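First residue of the sequence shown? That's 57 in my numbering, and the numbers climb one at a time after it.
All residues carry an ideal CB built from backbone N, CA and C; glycine is no exception.
Here the structure is a predicted model, which means the values were calculated and not measured.
These notes are about the structure you will find just below.
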Amino acid sequence: MIAPGFARVPPKTDVYAKPEGDEVIIFMDFFSVRLRFPLDPAVVDVFGRYGVFLHQMTPNLFIRLNLFLWLTKTCRVTPTVENFA
């Protein structure tokens, strides 16, 4: 999932998510709903369109995105932001 050395636990003094410029916040629960990297480009486009960051997502939202991607790929439709909306 993530190569050794590319992840770190935030300091206990952090009270909210503060990713650096080259970091992404990921919660352990995301992996229980099958989040894998690298993300599909359509997911990145959806995040960009709606101004959402990875650490603002909930496991339920990942399930919804997963259903969208599964449906589009099963029906051989290119997953795009317009299709998602």
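Using a threshold of 8 Å, state whether the C-beta atoms of residue i and residue j are closer than that.
i, j, result
"Val102", "Phe140", "yes"
"Leu117", "Ala98", "no"
"His111", "Ala59", "no"
"Ser88", "Pro66", "no"
"Asn122", "Arg90", "yes"
Mark residue i as exposed unless 16 or more other C-beta atoms lie within 10 angstroms of its C-beta, in which case mark it buried.
i, result
"Pro135", "buried"
"Met84", "exposed"
Since residue i and residue j are thought to touch, with beta carbons under 8 Å apart, how far apart are those beta carbons, to the nearest angstrom?
i, j, result
"Val137", "Arg105", "5 Å"
Could you pull out every residue in the same chain whose Cβ sits closer than 8 Å to the Cβ of residue i, ignoring the five residues on either side in sequence?
i, result
"Val108", "Val102"
Quick one: residues in its chain with C-beta nearer than 6 Å to the C-beta of residue i, no 5 flanking neighbours on either side, listed in chain order?
i, result
"Pro75", "Ile81"
Quiz item: What are the uninterrupted segments assigned as beta strand (DSSP E) that are 3 or more residues long and contained completely in the stretch 62-97, given in chain order?
Solution: none
Quiz prompt | Residue ranges of each alpha helix (DSSP H) within the stretch 94-120, 4 or longer | solution = 97-106
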